[in-house]
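A short worksheet on the structure shown next.
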Amino acid sequence: MRRLSLLLCLAVPLAAQAPSHPLDGLSGREHWTIYDALRTAGRTDSTTRFLYVGLREPPKADVLAWRPGQPFRREATVHLYAKGRGYEATVDLRAKRVIAWSESPGSQFMGNREENAIVRRVTLADARVRDALRARGFTDLAQVNCDPANHGYFDLPEERGKRVVHATCTSGEGRTLGYGEPIDGLVVVVDVSNERIVRIVDTGARPRTGAIGHYDADAVGPTRTPPNPVRMVQPGGPSYTLAGSQVRWQNWSFQFRTDARRGLVVSQVRYADGGRERSIMYQGSLSELFVPYMDPADPWNYQGYFDLGTYPSLFGGIASSLERGVECPDYATYFDSWVVNADGAPRLRARTSCLFERGTSDVAWRHGREGGTVVDARPKTDLVLRMYMTAGNYDYLFDWVFQQDGTVRVDAAASGMDQVKAAANAADDERYGRLIAPGLVGVNHSHFFSFRIDLDVDGAGNSLQVERLRTERLPAQNPRRSIWSTESVTARTEAEGMRMSTMAAPELWRIVNPSVRGPYSGFAGYQIESHSAMSLLSPDDYMQKRGAFTEHMLWITPYQPAELYAAGDYPTASVAPDGLARWTAANRPIANTDIVAWVTMGFHHVPRPEDWPVMPTARHSFEIRPMGFFARNPAIDLPPP
Numbered sequence: 013m014r015r016l017s018l019l020l021c022l023a024v025p026l027a028a029q030a031p032s033h034p035l036d037g038l039s040g041r042e043h044w045t046i047y048d049a050l051r052t053a054g055r056t057d058s059t060t061r062f063l064y065v066g067l068r069e070p071p072k073a074d075v076l077a078w079r080p081g082q083p084f085r086r087e088a089t090v091h092l093y094a095k096g097r098g099y100e101a102t103v104d105l106r107a108k109r110v111i112a113w114s115e116s117p118g119s120q121f122m123g124n125r126e127e128n129a130i131v132r133r134v135t136l137a138d139a140r141v142r143d144a145l146r147a148r149g150f151t152d153l154a155q156v157n158c159d160p161a162n163h164g165y166f167d168l169p170e171e172r173g174k175r176v177v178h179a180t181c182t183s184g185e186g187r188t189l190g191y192g193e194p195i196d197g198l199v200v201v202v203d204v205s206n207e208r209i210v211r212i213v214d215t216g217a218r219p220r221t222g223a224i225g226h227y228d229a230d231a232v233g234p235t236r237t238p239p240n241p242v243r244m245v246q247p248g249g250p251s252y253t254l255a256g257s258q259v260r261w262q263n264w265s266f267q268f269r270t271d272a273r274r275g276l277v278v279s280q281v282r283y284a285d286g287g288r289e290r291s292i293m294y295q296g297s298l299s300e301l302f303v304p305y306m307d308p309a310d311p312w313n314y315q316g317y318f319d320l321g322t323y324p325s326l327f328g329g330i331a332s333s334l335e336r337g338v339e340c341p342d343y344a345t346y347f348d349s350w351v352v353n354a355d356g357a358p359r360l361r362a363r364t365s366c367l368f369e370r371g372t373s374d375v376a377w378r379h380g381r382e383g384g385t386v387v388d389a390r391p392k393t394d395l396v397l398r399m400y401m402t403a404g405n406y407d408y409l410f411d412w413v414f415q416q417d418g419t420v421r422v423d424a425a426a427s428g429m430d431q432v433k434a435a436a437n438a439a440d441d442e443r444y445g446r447l448i449a450p451g452l453v454g455v456n457h458s459h460f461f462s463f464r465i466d467l468d469v470d471g472a473g474n475s476l477q478v479e480r481l482r483t484e485r486l487p488a489q490n491p492r493r494s495i496w497s498t499e500s501v502t503a504r505t506e507a508e509g510m511r512m513s514t515m516a517a518p519e520l521w522r523i524v525n526p527s528v529r530g531p532y533s534g535f536a537g538y539q540i541e542s543h544s545a546m547s548l549l550s551p552d553d554y555m556q557k558r559g560a561f562t563e564h565m566l567w568i569t570p571y572q573p574a575e576l577y578a579a580g581d582y583p584t585a586s587v588a589p590d591g592l593a594r595w596t597a598a599n600r601p602i603a604n605t606d607i608v609a610w611v612t613m614g615f616h617h618v619p620r621p622e623d624w625p626v627m628p629t630a631r632h633s634f635e636i637r638p639m640g641f642f643a644r645n646p647a648i649d650l651p652p653p
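The working numbering applies: residue 13 is where the sequence shown begins, and numbers increase by one.
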């Protein structure tokens, strides 16, 4: 009887997550449908490992035409690994059959635990590696692990058509909350495809550090006296409404899901303007996260992580579980999602996203009259959709913030642990990093996020208007000598849609609908407001070619449903150029058509002692805000407090 009760309890989330919208995430039952369809088609065996399972979205026109209660297409994309090769399948979930099957190009499939096990086995079985470890004082090899330090690729002869990784080793002795001791100066280049060592790079032992990154009481000392509690409560409950994965709040409505590779996918964003629902964005999501390191020595020179394209299977999906009341308020609504195990079975990951209203202790607008003795002000409330991602040593926060003035803000924040190496010579080692703890150098690196933003401003036919701010010289008889003015042009091709905005040459970017007049002049539009650090790598650097989306702060492409990832579908061991750099080489027209904006947001990280052992959260953001879309301030109707 107890077993029957347990089975009934387990069945509840499977049934509860049955899709009710064409863009809903895959349910647990659908994961089993995928598994059975692939097995029936003879596409899996005992060596097969599942790397990624995600929704293959219906055509955009079908989604826009769909109404509740109507049937909808349901398909899934599956990435698999077997016997050293990667594959991609498309499964029709209604027909329960495989409708497409292909091998991944070259050896560009996602990283997986199976090949990590190969690397570990091959390296520790080699007498040269064991001798090098013992020479460094690591005699308990049971505590030593050797894993790929990266999945770098430079299109060298030894790499072409194979899976070659640069592996490093660590010792787990003494490890508690942090990481094992890095065994520096030893790199093993492994051909995973043929399970052999290509070469060993041994530059000599570095000083021992012991296990690193501990942040328990023994390492950091007693915790401080906490401040008096600040309670966030919502006595009346949330003022948003939920219908499955569809949200309504204030004048906003949207649908969302959590994808194992893209994270939060926000779709069909609309705003009710005077009782009329107006389209703003068809879909927005993270597209890629690229983290290149800046040390010329092996293995650091190979370290350029494509976290979304390479590691979802190692992370178990990029969205990690949220701790209630810490990463989101107690009163938030939490959402679970399904991820795939390596054997193809679904696994429910709890609390991968949350939704909550937030009083910002700020004002939506304010005006003082009569010398400031009379003030009219309206308190600001935001709606926040949140996800956290744990990517190896880093943790990233992603917020989609819906504001009462019609603005959507996207926040990305980084925390976690710096990657470090043992310091041999401080003067030399600090050339490419900083001493951030005794004997440890944090290596310089950059973080680049690409967001895919499919704006549909009052419909799909949109254009990019670029407003350049220019200095204008004035005639001699004017006491002023200069002012600035704007010059507006419409981008006609993808080349014209590649934009940069700097302090010296500022630009405003507006996505407009040329068929809809603005309230007073121009066209209805939404502005993308972003400030970002850009890549400092030279154009001929192969690492830069693989992460070529960092060359521009904004890219505009015509809508293509298969173009989802800024660095390409398979950035692991990818042959450059791919993704945006390859697609835009065609220089397709982008004026008055269905277009997609790709926003690059980045920052350079020179590590500091204050980042150790866990770095404070560093936040960056961009905004999608109305510009000529409304006839007045959309938040002017907020009631007084």
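Ideal Cβ placement from N, Cα and C applies to all residues, glycine included.
All figures in this text were calculated on a predicted structure; none of them were measured in a lab.
So what does DSSP say about residue i, is it helix, strand or coil?
i           : result
residue 556 : helix
residue 634 : strand
residue 78  : coil
residue 642 : coil
residue 22  : Confidence in residue 22 is poor, its pLDDT being 34 and thus under 50, which makes the residue's placement unreliable; the coordinate value appears in the next sentence. Residue state, collapsed to three classes: helix.
residue 404 : coil
residue 99  : strand
residue 325 : helix
residue 501 : strand
residue 380 : strand
residue 167 : coil
residue 733 : The requested residue 733 does not occur in the structure, where the chain is confined to residues 13 to 653.
residue 648 : coil
residue 601 : strand
residue 203 : strand
residue 32  : coil
residue 151 : coil
residue 193 : strand
residue 9   : Residue numbering for the chain in the displayed model covers 13 to 653; residue 9 lies beyond these limits and cannot be assessed.
Taking residue i and residue j to be in contact with their CB atoms under 8 angstroms, please state how far apart those CB atoms are, rounded to whole angstroms.
i           : j           : result
residue 350 : residue 38  : 6 angstroms
residue 640 : residue 531 : 7 angstroms
residue 348 : residue 362 : 5 angstroms
residue 449 : residue 624 : 5 angstroms
residue 32  : residue 256 : 5 angstroms
residue 365 : residue 301 : About 17 angstroms; that fails the 8 angstroms criterion.
residue 409 : residue 421 : So it is not a contact: roughly 13 angstroms between Cβ atoms.
Compute the Euclidean distance between the alpha carbons of residue i and residue j, then round it to the nearest angstrom.
i           : j           : result
residue 561 : residue 309 : 25 angstroms
residue 506 : residue 230 : 56 angstroms
residue 252 : residue 260 : 6 angstroms
residue 478 : residue 492 : 27 angstroms
residue 84  : residue 318 : 33 angstroms
residue 61  : residue 356 : 7 angstroms
residue 25  : residue 42  : Model confidence at residue 25 stands at a pLDDT of 41, short of 50, so the residue's coordinates are unreliable; what they give is reported in the following sentence. Rounded to whole angstroms, residue 25 to residue 42 spans 12 angstroms at the Cα level.
residue 370 : residue 568 : 33 angstroms
residue 103 : residue 466 : 25 angstroms
residue 648 : residue 286 : 13 angstroms
residue 533 : residue 297 : 31 angstroms
residue 342 : residue 336 : 6 angstroms
residue 170 : residue 550 : 24 angstroms
residue 280 : residue 468 : 9 angstroms
residue 131 : residue 339 : 36 angstroms
residue 524 : residue 293 : 12 angstroms
residue 638 : residue 200 : 53 angstroms
residue 211 : residue 504 : 51 angstroms
residue 214 : residue 179 : 12 angstroms
residue 71  : residue 93  : 28 angstroms
Does chain D have any CB closer than 8 angstroms to the CB of residue i?
i           : result
residue 458 : No chain D appears in the structure shown, which is made up of a single protein chain.
State buried or exposed for residue i, treating a residue as buried only when at least 16 other CB atoms are found within 10 Å of its CB.
i           : result
residue 387 : exposed
residue 245 : exposed
residue 515 : exposed
residue 140 : exposed
residue 596 : buried
residue 189 : exposed
residue 162 : buried
residue 599 : exposed
residue 329 : buried
residue 650 : buried
Three Cβ pairs or more, each shorter than 8 angstroms: is that satisfied between the region 59-74 and the region 371-379?
no
Pairs of beta-carbons, one from the region 613-621 and one from the region 453-460, closer than 8 angstroms: are there three or more?
yes
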